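This report concerns only the one structure given below.
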Amino acid sequence: MYIFDYAIGMNESQHKAVFGVPIDDISLLTLQEGAEAMLQRRHLLTIATLNPEIMLEVKKDPQYARIVQAHMTKIVDGFGLQLLGNFSHRVSGVECAEMLMRVACAQKLKVAFIVRADGLSTPEEVTQIAHQRFSSATVRVFLPESAYDEPLQQFDPHIVLVGLGFPHQERWVIERGSTLTPHSIILCVGGTFDYWTGAKPRAPKFFQKIGMEWLWRLIVQPSRILRIFRAVVVFPCMYLFSVVYKNKNGY
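Heads up, the final residue of the sequence shown is numbered 658 in our numbering, and it's a clean run with no missing numbers.
Here's what the structure looks like:
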């Protein structure tokens, strides 16, 4: 059991396995309490936010499955995963990132944003919004290329938000981030930076509450239909098949 589990009093009953990966069934408040405890100790904490698309990749790619499993905490970010896996809690990457930034601003911490050079939001746009929204924290933006390794190490951030999209962000966290910033909380945030800059509109609260963000995304981005089909149709079928197979074979 990781030290994070001890920090929040988590027991084995709060872990549920999907495709062989144990996922933590915890609330945003519990996650915040654990994160603050880890920040005080300056212990490494790696957090993956999982959705149906990511879990399909886990099912398909054993190496990627090991990468995801290596994260110290895995939380549910996706209504389909919450519903089928019977999880009580769902915490989106955006919610988790905003919670960590509130903590960073309150405690005047150092935060690193890891961004793609070719993303919807440019590094300059991410830097600008970071300084506007989180002026009480010290925020610096880095690219994932090796040329930025030494500056990132020297910065020694308390928190690292990694917005490279899956599977790249999870690989970066385990293969490089956890070595470069061994005293940080490192969170995979997906498209969070694009939401903050306004490059990508977020679903209205109503759609978020009823777990229909996918419908909103289909309306505003019809080109995502194949990705949405995988999350809404393929994932439930694969999950139900795995449950039936497991029950049939008695393990």
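All C-beta atoms in this analysis are idealised placements derived from N, C-alpha and C, irrespective of residue type, glycine included.
What you are looking at is a predicted structure, and each value in this text was computed from that prediction instead of being measured.
Under 7 Å between C-beta atoms of Ala455 and Cys644 | no
How should His538 be labelled, buried or exposed, when 16 other C-beta atoms within 10 angstroms of its C-beta is the threshold for buried?
-> exposed
Excluding the 5 residues preceding and the 5 following Arg609 in the sequence, name in chain order all residues of the same chain whose CB lies nearer than 6 Å to its CB.
-> Tyr602
Which stretch, first to last residue, makes up the beta strand (DSSP E) that contains Thr456?
-> 452-457
Figure out for me which residue from Pro551, Lys517, Pro530 has the closest Cα to the Cα of Ala544.
-> Lys517
DSSP state of Val573, grouped into three classes?
-> What sits at residue 573 in the sequence shown is Phe, not Val. Coil, per DSSP.
Are the CB atoms of Thr480 and Asp431 nearer to each other than 7 Å?
-> yes
Using a Cβ-Cβ cut-off of 6 Å (strictly less than) and excluding sequence neighbours within five positions of Gln576, which residues of its own chain qualify?
-> Val569, Cys595
Which residues does DSSP pair with Gly594 in a beta bridge?
-> First, the residue type needs correcting, since residue 594 is Leu and not Gly in the sequence shown. DSSP lists Ile454, Leu568 as partners of Leu594.
Using CA coordinates, which residue listed in Ser528, Thr599, Pro589 is at the minimum distance from Asp556?
-> Pro589
Whole alpha helix (DSSP H) elements within the segment 491-523, 4-residue minimum | 500-514
Beta-carbon proximity list for Met678, same chain, < 6 Å, skipping 5 on both sides | Outside the displayed span of the chain (408 to 658) sits residue 678, for which this structure offers no information.
In chain order, what residues of the same chain lie with their CB nearer than 7 Å to the CB of Phe642, ignoring the 5 residues before and after it?
-> Pro459, Met462, Leu463, Gly487
Compare the Cα-Cα distances from Thr604 to each of Val428, Val501, Val639 and report the closest residue.
-> Val501
Taking Leu452 and Ile482 to be in contact with their CB atoms under 8 Å, please state how far apart those CB atoms are, rounded to whole angstroms.
-> Actually they are not in contact, since the Cβ atoms of Leu452 and Ile482 sit about 12 Å apart, beyond 8 Å.
Cα-Cα, which of Ser585, Arg497, Phe549, Val640 is closest to Leu435?
-> Arg497
Near Met408, which residues of its chain fall below 6 Å by C-beta distance, leaving aside the five closest residues on each side in sequence?
-> Confidence is the limiting factor: at Met408 the pLDDT is only 46, short of 50, which leaves the residue's position unreliable and the question unanswerable from this model.
Lys607 in three-state terms, based on DSSP | coil
Distance between beta carbons of Leu571 and Pro551, contact taken as under 8 Å | 6 Å
Who are the Cβ neighbours of Trp579 in its own chain at under 8 Å, not counting the five residues just before and after it?
-> Ile521, Pro551, Val569, Leu571
Val428 and Val475 look like a contact to me (Cβ under 8 Å); what is the Cβ gap, rounded to whole Å?
-> 6 Å
Leaving out five residues on either side along the sequence, give the residues of the same chain with a beta carbon under 7 Å from the beta carbon of Thr534.
-> Val548
Report yes if the CB atom of Ile581 is closer than 7 Å to the CB atom of Ala477, and no otherwise.
-> yes
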